[in-house]
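For reference, the structure is listed below as structure tokens.
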Amino acid sequence: MSRGLLRPLAGAGLALLALVYLVLLPVYFSHSPYILRVVSIASVLSVISLGVWLTFAIGRINIGQAAFALIGGYATAILSTRFGLSYWLCLPLSGILAALVGTVLGFGILRLRGVYFAMITLSLTEAVRLAFLNGGEFTGGASGIPIIPLPGELSLFGVVLMPSFQTVNTHLAFYYLAAALLIVTLAVVWRIGTSRLGWIFRSLQQNEDLATSIGIDIARYRVMAYAICCFFGGIGGSYFAVSQQSIYPNVFGVPDSIFFILYCFLGGLAYVAGPVVGTFILFIGFQILHPLQEYQQLIYAVLMIAIMLWLPNGLLSLRWHTRADRAELARLEGREARS
Amino acid sequence: MALIEVRELTKRFGGLVAVDHVSFDVEPGTIFTIIGPNGAGKSTLFKLITGFLRPSSGKVTFEGQEVTGLAAHAIARRGIVRTFQETTIFKEMTVLENVVVAHHLRGQASAFGFFIHSPQARRDEAGFRASAERIVDQLGLGTVKREVARNLPHGYLRGLGIALAMAANPKALLLDEPFSGMNNEETDRTVEMVRGIRARGTTVLLVEHDMRAVMRISDRILVLNFGKKIAEGEPKAIQEDEAVIEAYLGREDEELGI
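Line by line, the protein sequences give chains A and B.
Just add 22 to the spot in the first sequence (first one is 1) and you have this note's numbering.
Just add 25 to the spot in the second sequence (first one is 1) and you have this note's numbering.
Structure, rendered in structure tokens:
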């Protein structure tokens with residue numbers, strides 16, 4: 023297989039994936055709410071994980087994403103139940119609110135690196151959960167905010183862009199909403215990665231002092247990356263709030279923050295698609311193991327350890343070697359051994 | 026008017042005075058070298074001038090404007106760019122990518138403009154690419170430009186560090202021990218490189234230990250010892266200065282017979 027075939031083959035593969043994801047799967051399973059829900063949830067968890075991936079891209083280990091998902095969820099809950107805002111406004115607003123909180127916090131905590139940053143973000147997850155727990159009337163305490171309305175109709179100048187979720191197959195509608203969120207997020211993060219902004223983030227990841235000496239305002243760009251990360255966290259949380267039609271403090275906690283990190287690790291930190299692959303495999307894998315009841319966690323944990331031992335760079339670092347590639351590799355290695 | 030004016034610059038770390046009321050001028054288009062025994066305060070002085078450390082007292086003026094206490098990236102914006110003692114590069118990028126990234130200061134499009142690939146962003150990118158190729162060739166890195174920086178042979182790393190600084194389009198380039206660890210051939214190449222940089226209009230400020238290189242390349246030399254300036258002048262004069270010789274070799278001690 024020559025290199026010339028590789029590009030179109032990858033393109034065809036991507037097209038096939040899109041076909042399955044957007045057409046075949048939802049149509050075939052349109053009346054199996056369980057399957058639709060599992061894939062929808064995996065999609066939105068991927069969105070949240072992509073945010074965490076972005077903080078990895080500037081060299082920080084972010085174990086606080088659950089906090090921002092929770093903020094997004096509560097923002098949607100409060101804006102829709104207390105202020106009667108349409109979900110189509112709540113969704114972006116929740117993301118923006120989470121990003122704002124992230125910006126304010128970011129200026130302080132992004133100075134820290136390594137374990138210290140990780141510890142602070144871990145505390146953040148708990149702190150936010152407790153804040154919502156003790157928010158009194160405003161946040162509904164331990165039982166949170168129930169009866170969040172389903173997304174209503176979205177129309178512009180009399181043209182209906184989105185039908186009210188009550189009037190259609192709700193599970194299918196949420197499936198497509200989740201898919202849309204994932205595709206847009208993936209496109210945005212991919213675009214950041216290939217643009218100059220991505221190179222600036224890479225310079226932050228590899229050497230902050232050097233970046234400063236060539237004039238990059240590292241504080242500003244760090245916060246920018248973090249704010250974008252929190253935005254996606256908020257968006258994800260907003261989806262969960264509206265799809266479960268309720269939100270309460272324990273929806274997103276420390277275990278979730280850790281899962282987002284794991285999803286990124288499994289897929290591979292070097293690849294934009296990494297968190298998506300990691301999320302789908304781990305989350306759906308977890309669901310598949312469900313019948314095994316008490317062994318589910320055990321097998322899951324063993325899998326995690328195995329992956330960390332044998333695939334530290336994630337699944338996507340495995341390459342599909344053709345026979346020609348393997349022959350070439352052997353030839354080069356033979357030549358090296360002799361020289 | 027001097028390009029850089031340093032007046033009574035001082036840095037204290039608790040009880041230790043690392044830089045002690047140092048003053049000097051750097052004229053544009055010259056190579057100015059700072060030498061001194063280990064621990065004399067040379068690198069600290071560099072960090073003070075470039076904003077990586079805040080001075081305890083004193084003033085630094087660049088092109089007539091005070092830059093004391095400004096943030097490091099802001100000073101880089103004004104045109105003072107430094108290299109680092111331990112060769113500092115972006116390890117996971119290729120040589121060319123390294124130099125293109127370093128063009129950040131020359132960009133006119135905003136972050137958002139780069140994200141959406143605006144016309145200004147595209148113009149910037151094309152300009153960066155061309156300039157990076159030019160700098161890479163000027164510094165003799167042409168043959169390795171597609172190599173990942175992590176894999177570069179040691180001799181090229183220093184050149185890359187300088188290329189990164191040059192990409193930021195400095196008016197004053199501050200080189201921190203550029204000749205350290207080099208053999209004769211590499212030293213010669215680097216001397217030519219630095220002379221070329223001066224010829225193209227950039228003022229160079231050096232911290233260095235390699236005396237032969239320093240004497241060959243400098244227009245003016247400043248000698249530091251224990252944070253204080255003990256001599257300043259042209260290479261010939263410095264070589265014969267008693268205070269300098271004493272600082273490096275020590276005083277004769279008749280009791281011990283040295």
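For every residue, glycine included, the Cβ atom is placed at its ideal position computed from N, Cα and C.
Whole-Å CB distance - residue i paired with residue j, under 8 Å assumed
| i | j | result |
| --- | --- | --- |
| Thr301/A | Ser52/A | Contact flag wrong, Cβ pair sits at about 23 Å. |
| Ile93/A | Ala120/A | 5 Å |
| Thr119/B | Glu172/B | 6 Å |
| Ser217/A | Phe139/B | 5 Å |
| Met191/B | Gly89/B | No, Met191/B and Gly89/B are not in contact; Cβ-Cβ is about 24 Å, not under 8 Å. |
| Trp212/A | Val294/A | 5 Å |
| Glu33/B | Gly94/B | So it is not a contact: roughly 14 Å between Cβ atoms. |
| Trp75/A | Pro297/A | 5 Å |
| Thr108/B | Gly186/B | 5 Å |
| Arg223/B | Gly54/B | 7 Å |
Residue i - containing alpha helix (DSSP H), residue span
| i | result |
| --- | --- |
| Arg183/B | 179-192 |
| Gly336/A | No alpha helix (DSSP H) contains Gly336/A, which DSSP labels as neither H nor E. |
| Val239/B | 236-242 |
| Asp231/A | 230-235 |
| Lys261/B | 260-264 |
| Met141/A | 136-155 |
| His98/B | 97-103 |
| Ser279/A | 276-289 |
| Val60/A | 55-79 |
| Ser116/A | 109-131 |
Where residue i falls, given that 16 or more other Cβ within 10 Å makes a residue buried
| i | result |
| --- | --- |
| Lys67/B | buried |
| Gln264/B | exposed |
| Arg360/A | Because Arg360/A sits at a pLDDT of 49, beneath the cut-off of 50, its placement in the model cannot be relied upon, and the point is left open. |
| Gly258/A | buried |
| Trp332/A | exposed |
| Phe38/B | exposed |
| Val44/B | buried |
| Asn156/A | exposed |
| Ala164/A | exposed |
| Glu52/B | exposed |
| Gly277/A | Position check: residue 277/A holds Pro in this sequence, whereas Gly was assumed. Classification for Pro277/A: exposed. |
| Ala50/A | Per the sequence presented here, residue 50/A reads as Tyr, with Ala not at that position. Its Cβ having fewer than 16 others within 10 Å, Tyr50/A is exposed. |
| Tyr181/B | buried |
| Lys5/B | No answer is possible for residue 5/B: it lies beyond the span of chain B, which begins at 26 and ends at 283. |
| Ala272/B | buried |
| Arg6/A | Since the first residue of chain A shown is 23 and the last is 361, residue 6/A is not available in this structure. |
Contacts that residue i makes with chain A (C-beta to C-beta distance below 8 Å)
| i | result |
| --- | --- |
| Phe140/B | Arg213, Ile214, Ser217, Leu219 |
| Arg107/B | Ser235 |
| Leu28/B | The premise fails here: Leu28/B is roughly 18 Å from chain A at the closest Cβ pair, so nothing lies under 8 Å. |
| Glu150/B | Arg218 |
Neighbouring residues, chain B, relative to residue i (Cβ below 9 Å)
| i | result |
| --- | --- |
| Arg222/A | Note that residue 222/A is Ile in the sequence shown, not Arg. Under the 9 Å cutoff, chain B gives Val126, His129, Ala136, Phe139. |
| Thr234/A | Gly76, Phe77, Ala96, Ala97, His98, Ala101 |
| Asp278/A | The premise fails here: Asp278/A is roughly 29 Å from chain B at the closest Cβ pair, so nothing lies under 9 Å. |
Terminal residues of the beta strand (DSSP E) in which residue i lies
| i | result |
| --- | --- |
| Gly83/B | 82-87 |
| Phe57/B | 56-60 |
| Glu30/B | 29-38 |
| Leu231/B | 228-232 |
| Arg245/B | 245-250 |
| His312/A | No beta strand (DSSP E) contains His312/A, which DSSP labels as neither H nor E. |
| Asp201/B | 197-201 |
| Ala43/B | 41-51 |
| Met184/A | 181-184 |
| Leu176/A | 176-178 |
Proximal chain B residues relative to residue i, where beta-carbon distance stays under 7 Å
| i | result |
| --- | --- |
| Gly237/A | His98, Ala101, Arg102, His129, Leu130, Ala193 |
| Ser225/A | Phe115, Val126 |
Partners in chain B for residue i, counting only beta-carbon separations shorter than 8 Å
| i | result |
| --- | --- |
| Gln228/A | Phe115, Lys116, Glu117, Met118 |
Neighbouring residues, chain A, relative to residue i (Cβ below 9 Å)
| i | result |
| --- | --- |
| Leu189/B | Leu232, Ser235, Ile236 |
| Ala146/B | Ser217, Arg218 |
Cβ of residue i within 8 Å of any chain E Cβ
| i | result |
| --- | --- |
| Tyr317/A | Going by chain labels, chain E is absent from the structure shown, which instead holds the protein chains A and B. |
Using 8 Å as the threshold, is the stretch 111-126 of chain A in touch with the stretch 281-297 of chain A, meaning 3 or more CB pairs across them?
Judged by Cβ distances under 8 Å, the stretch 111-126 of chain A makes no contact with the stretch 281-297 of chain A, as fewer than three pairs qualify.
Would you be able to state if there are at least three C-beta pairs under 8 Å between the stretch 227-247 of chain B and the stretch 45-60 of chain B?
With the cut-off at 8 Å, the stretch 45-60 of chain B and the stretch 227-247 of chain B touch.
How do the stretch 144-153 of chain B and the stretch 211-228 of chain B stand: do at least 3 beta-carbon pairs fall below 8 Å, yes or no?
The stretch 144-153 of chain B, when compared against the stretch 211-228 of chain B, does not touch it at the 8 Å Cβ threshold.
Taking one C-beta from the stretch 58-71 of chain A and one from the stretch 231-242 of chain A each time, how about it: are there three or more such pairs within less than 8 Å?
Proximity of the stretch 58-71 of chain A to the stretch 231-242 of chain A falls short of the contact definition, fewer than three beta-carbon pairs being nearer than 8 Å.
Evaluate the contact criterion for the stretch 196-205 of chain B versus the stretch 67-76 of chain B: three or more CB pairs, one atom per stretch, below 8 Å.
By the Cβ test, the stretch 196-205 of chain B is in contact with the stretch 67-76 of chain B, since at least three Cβ pairs between them sit closer than 8 Å.
Cβ contact check for the stretch 263-271 of chain A and the stretch 29-43 of chain A: 3 or more pairs under 8 Å
No, the stretch 263-271 of chain A is not in contact with the stretch 29-43 of chain A.
Whether or not the stretch 301-310 of chain A and the stretch 191-201 of chain A are in contact is what I'm after, with contact meaning three or more pairs of Cβ atoms, one per stretch, closer than 8 Å; do they touch?
As far as the Cβ criterion goes, the stretch 191-201 of chain A does not touch the stretch 301-310 of chain A, which means the pair count is below three.
Touch test, the stretch 201-211 of chain A against the stretch 135-155 of chain A, Cβ-Cβ under 8 Å, three pairs minimum:
Cβ pair count under 8 Å is below three, so no.
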